[in-house]
Each structure stands twice: as structure tokens, then as C-alpha cells.
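One structure is given below, encoded as C-alpha cells.
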Amino acid sequence: LTVIVNGQHRVWYIVLQPLAFVIFFVASLAEVGRAPFDIPMAESEVVGGPFVEYSGMHWAMFFLAEYANTFALAVLATLLFLGGWHGWAPSHGVGQEVVQALWLLLKTSLVIMLVFWVRATVPRLRIDQLMSLAWKVLLPLAFVNFVLTAFYKFYGWPSWTIAVMSIAVLGAVLYAYHRRRFTRAARPVTIKLRVEHGRIVR
Numbered sequence: 001l002t003v004i005v006n007g008q009h010r011v012w013y014i015v016l017q018p019l020a021f022v023i024f025f026v027a028s029l030a031e032v033g034r035a036p037f038d039i040p041m042a043e044s045e046v047v048g049g050p051f052v053e054y055s056g057m058h059w060a061m062f063f064l065a066e067y068a069n070t071f072a073l074a075v076l077a078t079l080l081f082l083g084g085w086h087g088w089a090p091s092h093g094v095g096q097e098v099v100q101a102l103w104l105l106l107k108t109s110l111v112i113m114l115v116f117w118v119r120a121t122v123p124r125l126r127i128d129q130l131m132s133l134a135w136k137v138l139l140p141l142a143f144v145n146f147v148l149t150a151f152y153k154f155y156g157w158p159s160w161t162i163a164v165m166s167i168a169v170l171g172a173v174l175y176a177y178h179r180r181r182f183t184r185a186a187r188p189v190t191i192k193l194r195v196e197h198g199r200i201v202r
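Taken in order, the sequence shown gives residues 1 to 202; the numbers are from my numbering.
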């Protein structure tokens, strides 16, 4: 991780690999069970979630573990894509470690805010939607990102090329999603009626 962070002292990897960041972030949310992938919790369906039978220290330990996972996700995302403890300007001299720790804490807090924002705005997925997202979207995107990165490293392309290609792939995915969504909404609904015992029924 130190080598990865030190490689971002000029340009953060989220700039070069936005597609990889999106894949990592969505997969991490599903791994730690945060919304919209909190299918086992289902707090809106079961009041208080599965921990409704617990109270006191037992309840607190469950939630401590849940938020510890969220914090670990945010720290890992910061180290891999947001430059870790490197800020916008290099820090040297006395207090360098304190400044770097503050940068790491600030970036981690921003990622945690992003996790909570997703929880508040995106509805929970069904299990079939989760599997469809994993197998039909995330896995192909991860393979595409792997191929693009391999070509970038093998042929020695400029750094901006991998960023442009990643943004283009993300744009294509968003365009396909919105087109499919609006196509479904505009699709005419056919209602078949029949006559039974003198009444019209569907």
C-alpha cells in the first residue's frame, strides 16, 4: 500500500482510473453490506433490522463492527485511489506526519459521507437485481478495465489515454442504462380483455 500511495504523489489514481474506482466502490458496498446492498439487514422491512432482539453492549458491538467495516472501506479507497496521505501540496519539515494524518482523515471522511449519501438516495436492490448487477455489469466492466490497463502498460501509452477510455466506458454504461430505463417507461402496455358471463374481465 505504501508503494501505491507514493505512486500518487503527482496524480491520484481516481483521475487515471475512474472506472476502477466505481467498480471498487460498488463492490465494496456490497461486500460490507451497506445500502443499497443491505439485503440481510432490511431495516425498513424489519423494524431495527436483524438486531432488534439485542440491546445494550451486544447491540453496540454489532453496530461497531458494521461501522468499522465502513471505515475500513473508506480508508482502503483513500489509499488506493485518493492519494492516501498526500495532499494537494507536498508537506515537509516539522509536523509533516500530522499534516499527512489530517489529509488521510479528511479524505476518509469524504468517502464515508459518500457511503451515507448513497444509503439515503438509492433504494435497496432485490437479490435478483444484485446478482444481475454483479454478473452482467460489474464483472464485464472489471474485465474491460483489466484489458485497457494491460494495453496501457504494454504499449506505454500516455497517462491521459487510460483516463479518457475509462470515462468513455462509464459514459457508455450510463447512456445504455438511461436508454433502457426510458425505453421501458415508454413501452405501450397491452391489456387483453375477455367476456365471461356477460362481464368484461382481464
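Where is the CB? At the ideal position from N, CA and C, for every residue including glycine.
Q | Length-filtered (4 minimum) alpha helix (DSSP H) runs lying within the region 4 to 50 | A | Taken in chain order, the unbroken stretches of alpha helix (DSSP H) that lie wholly in the region 4 to 50 and span 4 residues or more are 13 to 16 and 18 to 32.
**Q.** CB of Leu73 within 8 Å of CB of Val122, strictly
**A.** no
Q | Meets three-Cβ-pair contact criterion under 8 Å: the region 134 to 151 and the region 17 to 31 | A | yes
Q: Express the C-alpha separation of Gly7 and Leu114 in angstroms, rounding to a whole number.
A: 24 Å
Q: Look at the alpha carbon of Met131 and the alpha carbon of Ala172, and state the distance between them as a whole number of angstroms.
A: A direct Cα-Cα distance of roughly 21 Å separates Met131 from Ala172.
Q. Any idea if Tyr175 is buried or exposed, counting beta-carbon neighbours within 10 angstroms, 16 or more meaning buried?
A. exposed
Q. For Gly156, is the classification buried or exposed, using 16 other Cβ atoms within 10 angstroms of its Cβ as the cut-off for buried?
A. exposed
**Q.** Beta-carbon contacts of Leu138 that lie in its chain and below 7 Å, excluding the five residues immediately before and after
**A.** Ile23, Val26 and Ala27
Q) Over what stretch of residues does the alpha helix (DSSP H) that includes Lys136 continue unbroken? A) Note, Lys136: premise wrong, no alpha helix (DSSP H); not H, not E.
(Q) Using 8 Å for Cβ pairs, my map puts Leu110 next to Gly84. What's the rounded Cβ distance? (A) So it is not a contact: roughly 13 Å between Cβ atoms.
Q: Answer with buried or exposed for Thr183, where buried requires no fewer than 16 other C-beta atoms within 10 angstroms of its C-beta.
A: exposed
Q.
For Lys107, tell me which candidate among Arg34, Leu82 and Ile39 has the shortest Cα-Cα distance.
A. Checking every option, the nearest Cα to that of Lys107 belongs to Leu82.
**Q.** Entirely enclosed alpha helix (DSSP H) segments - the region 48 to 112, minimum 4 residues
**A.** 56 to 81
Q | Top-ranked residue by Cα proximity to Ile112, from Arg34, Ile127, His178 and Ile4 | A | Answer by Cα proximity: Arg34.
Q) In chain order, what residues of the same chain lie with their CB nearer than 8 Å to the CB of Val169, ignoring the 5 residues before and after it? A) Leu19, Leu141, Val144, Asn145 and Leu148
Q: Report back the beta-carbon spacing between Phe21 and Ala30 to the nearest angstrom; my notes put them in contact at under 8 Å.
A: Your pair Phe21 and Ala30 does not check out as a contact, with CB atoms roughly 15 Å apart and the cut at 8 Å.
(Q) I'd like to check one pair, Leu79 with Val164: are the Cβ atoms closer than 8 Å? (A) Contact: no.
Q: Mark His86 as exposed unless 16 or more other C-beta atoms lie within 10 angstroms of its C-beta, in which case mark it buried.
A: Its Cβ being crowded by 16 or more others within 10 Å, His86 is buried.
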